[in-house]
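Colleague: In the working numbering, each residue carries its 1-based index in the sequence shown increased by 25.
For each residue, glycine too, the CB sits at the ideal point set by N, CA and C.
Could you have a look at this structure, given as structure tokens, before my questions?
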Amino acid sequence: MVNYSMQTIIGKIMTNYKHWFFVLALSLYTTYATAVPMAYVAGQHYQATSSLLPKLNQTKQEVVELFMYTCPHCYHLESEVTDWLPSLKSSTTFTRMPAVFNQKQVPLATAFYAAQALELSETLHPLFFEAIHEDGIRLESEKAILDFVAAQGIDRASFAKMMTSFTVKTQVKKARRYTAMSGITGVPAFVVNGKYQTSGPQAGSIAAIFEVVDYLLQH
């Protein structure tokens, strides 16, 4: 039979106590760290837009995604955007906007708004992406776009008329001005409430963009 002195017994109790206290503290810290959202930093994960942008919807919070059909990252992000959208509150609006940095982006931006005006976005939006990134079709001119649209069974003349309409031209001009005022240097990028913008490089990864956007909507 092993006999322990009182000092030895107390020592063992204290050792066990310290061990379980450490385990409990670590558990509580892990739970807290998981429960508390990461605090994103201005100038690192997001930044203020170059100018205060006009909100597209004055009564709600809003998120604007600036994209280009020719951007592979934008193409691969599409499915993730679709999965993320249901998480937005009903008090938040989401708008896709073609980024227009220069004249080269005008034809596809025009096609985007023409499709929207003709209520063909649901059909043509994914097809434009797939044509460029899966099929290698170069949609760099109005003629190339009209040829492609006609091949999808859409009336060429109607689409051509809409592409040259005052309404669509005005929307493209607004998109170009919005792109410049946002201060973004690449796409995909997201603007929150006309005040802040973030992108993959800023957020840390393409997937992290949504976490930063959610954070900005809450703050």
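#1: Would you tell me roughly how many angstroms separate the C-alpha atoms of residue 46 and residue 242, rounded to the nearest one?
#2: Residue 184 and residue 171 look like a contact to me (Cβ under 8 Å); what is the Cβ gap, rounded to whole Å?
#3: Answer yes if the region 137-149 comes into contact with the region 180-196, meaning at least three C-beta pairs across the two stretches below 8 Å, and no otherwise.
#4: Going by DSSP in three states, residue 125 sits in which element: helix, strand or coil?
#5: Under a three-way DSSP split, which group does residue 155 fall into?
#6: Enumerate in chain order the residues of its own chain whose CB-to-CB distance from residue 235 is below 6 Å, with the five nearest sequence positions on each side excluded.
#7: May I have the straight-line CA-CA distance separating residue 150 from residue 91, to the nearest angstrom?
#8: Can the beta-carbon of residue 86 be found closer than 7 Å to that of residue 117?
#9: Can you name, in chain order, every residue of its own chain whose Cβ lies under 6 Å from the Cβ of residue 214, other than the five neighbours on each side?
#10: Tell me whether residue 132 is buried or exposed, calling it buried when 16 or more other Cβ atoms sit within 10 Å of its Cβ.
Modeller: Answer, in terms of the structure:
#1: Position 21 of the sequence shown, counted from the start, is the residue given in the question as residue 46. Position 217 of the sequence shown, counted from the start, is the residue given in the question as residue 242. Any answer about residue 46 is weak, because its pLDDT of 44 lies below 50 and its placement is not dependable; what the coordinates show is given next. If you take the alpha carbons of residue 46 and residue 242, they lie about 38 Å apart.
#2: In the sequence shown, counting from the first residue as 1, residue 184 sits at position 159. In the sequence shown, counting from the first residue as 1, residue 171 sits at position 146. 6 Å between Cβ atoms; contact.
#3: yes
#4: On the sequence shown, position 100 is the one that residue 125 refers to. Residue 125: coil per DSSP, three-state reduction.
#5: As a position in the sequence shown, residue 155 is number 130, starting the count at 1. It is helical.
#6: What you label residue 235 is simply residue 210 of the sequence shown in a count that begins at 1. Excluding positions up to five away in sequence, the list reads 109.
#7: Reading the sequence shown from its first residue, position 125 is the one you call residue 150. Reading the sequence shown from its first residue, position 66 is the one you call residue 91. Taking the straight line joining both Cα atoms gives about 14 Å.
#8: Within the sequence shown, numbered from 1, the residue matching residue 86 stands at position 61. Within the sequence shown, numbered from 1, the residue matching residue 117 stands at position 92. It is a contact, given that the beta carbons lie within the stated cut-off.
#9: Here the question's residue 214 lines up with position 189 in the sequence shown. The answer, listed in chain order, is 91, 222 and 224.
#10: Position 107 of the sequence shown holds residue 132. Burial call: buried.
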